[in-house]
Amino acid sequence: MRKLSLSSIPFEKIGRIGRLQRLLICAGTFLVLTGAFVFLIYLPKTKAIQELKSNHELLEIKLVKVRAAAKNLRRFQRQCKEAEAKFELALSLLPDKKEIPGLLEAISKSGKDSGLEFLLFQPGKEVLKDFYAEIPVTIQVCGGYHNLAMFFGRVATLSRIVNISSLSMKATKQSGERLRASCVATTYRFLEASEIKAIAEAKKKKKKKRKK
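In my numbering, the protein residues as written are 71 to 282.
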């Protein structure tokens, strides 16, 4: 390989190059270097920067969605806990099957202790729901207004849920101070597992019949 020495560079010829040619050479060299910088360094880095920006924006969007989902999840979990607490409270107020006779006796006793005369105390057929049953009791009593108010107050303070509906009152022929009242006292009981299963199976059979 030949060694490059300063003596081999034609400085005399370079010195005789005109000003315009020198400017063109400088401009050409600048353009070549600039082009090399743009294509080899600037454009690849610019592309990489744009990709990073796009990825960053996508990550920010995903982060916002994740935060929103986490917030909704916490709210949903809180609502579930509140619903479970309310459900547990409702269940604690619903008697089981064994307690129903005692509850009906407590309703009757509340009326007698309030000074009412029972004309009718007739438990009706159970109405089955998803996880509980309604037990309506048709009641007819006779007594004063104060006695009726006392009876309804005592029923309201029972440890189990009892709703009074279809209330009607009218004065008796014997005495205007005595009232003849009729109402429906509805209590509830928690269904046993076997009953809930039977209801679910009955619903499935009804759906199959409708499809046919």
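C-beta atoms are modelled at their ideal positions from N, C-alpha and C, and glycine is treated no differently. Fair warning: this is a prediction, and the values are worked out from it, not measured in the lab.
> What residues match up with Ser238 in a beta bridge as DSSP calls it?
Replying inline: Ser252
>> Within 10 Å of its beta-carbon, does Cys150 have 16 or more other beta-carbons around it, so buried, or fewer, so exposed?
In response: exposed
>> On the CB-based measure, 16 or more other CB atoms within 10 Å of its CB, does Arg144 come out buried or exposed?
In response: exposed
> Is DSSP giving Leu205 helix, strand or coil here?
Replying inline: Checking the displayed sequence, the identity of residue 205 turns out to be Ile instead of Leu. The answer is strand: DSSP assigns Ile205 an E or B state.
>> In whole angstroms, give me the CA-to-CA distance for Lys274 and Asp200.
In response: In this structure, the CA atom of Lys274 is about 13 Å from the CA atom of Asp200.
> Hey, out of Val254, Glu121, Ala270, whose CA is closest to Gln192's CA?
Replying inline: Per the Cα distances, Val254.
>> Am I right that Gly213 and Leu249 are in contact with their C-beta atoms under 8 Å? What's the rounded C-beta distance?
In response: 7 Å
> So the alpha helix (DSSP H) Leu190 belongs to, where does it begin and stop?
Replying inline: Taken as a continuous stretch (DSSP letters only), Leu190 belongs to no alpha helix (DSSP H), being part of the beta strand (DSSP E) at 187 to 193.
> From Ala203, Glu196, Lys278, Phe221, pick the residue whose C-alpha is nearest to that of Gln210; which is it?
Replying inline: Phe221
> Closest by CA to Ala241, which one among Ser252, Leu128, Ala140?
Replying inline: Ser252
> I think Ile205 touches Arg259, with their Cβ atoms under 8 Å apart; what is that distance to the nearest whole Å?
Replying inline: 6 Å
> For Arg230 versus Leu173, is the C-beta spacing smaller than 7 Å?
Replying inline: Leu173 is positioned such that its CB atom lies closer than 7 Å to that of Arg230.
> Just reading off the alpha helix (DSSP H) that Ile177 is part of, what are its end residues?
Replying inline: 170 to 183
> Would DSSP call Leu198 helix, strand or coil?
Replying inline: strand
> For Thr227, is the classification buried or exposed, using 16 other Cβ atoms within 10 angstroms of its Cβ as the cut-off for buried?
Replying inline: exposed
> Exposed or buried, Tyr31, counting other C-beta atoms within 10 Å across all chains shown (16 or more means buried)?
Replying inline: Given a span of 71 to 282 for the chain in the structure shown, any question on residue 31 remains unanswerable.
> Going by other Cβ atoms of all chains shown within 10 Å of its Cβ, with 16 needed for buried, is Val225 buried or exposed?
Replying inline: buried
> So what does DSSP say about Thr257, is it helix, strand or coil?
Replying inline: For Thr257, the three-state secondary structure derived from DSSP is strand.
> Which same chain residues, not among the five before or five after Thr256, have their C-beta less than 6 Å away from its C-beta?
Replying inline: Glu204, Pro206, Asn233
>> Please classify Gly98 as buried or exposed, where buried requires at least 16 neighbouring CB atoms within 10 angstroms.
In response: exposed
> If you follow the alpha helix (DSSP H) that Leu218 is part of, which residue opens it and which one closes it?
Replying inline: 215 to 226
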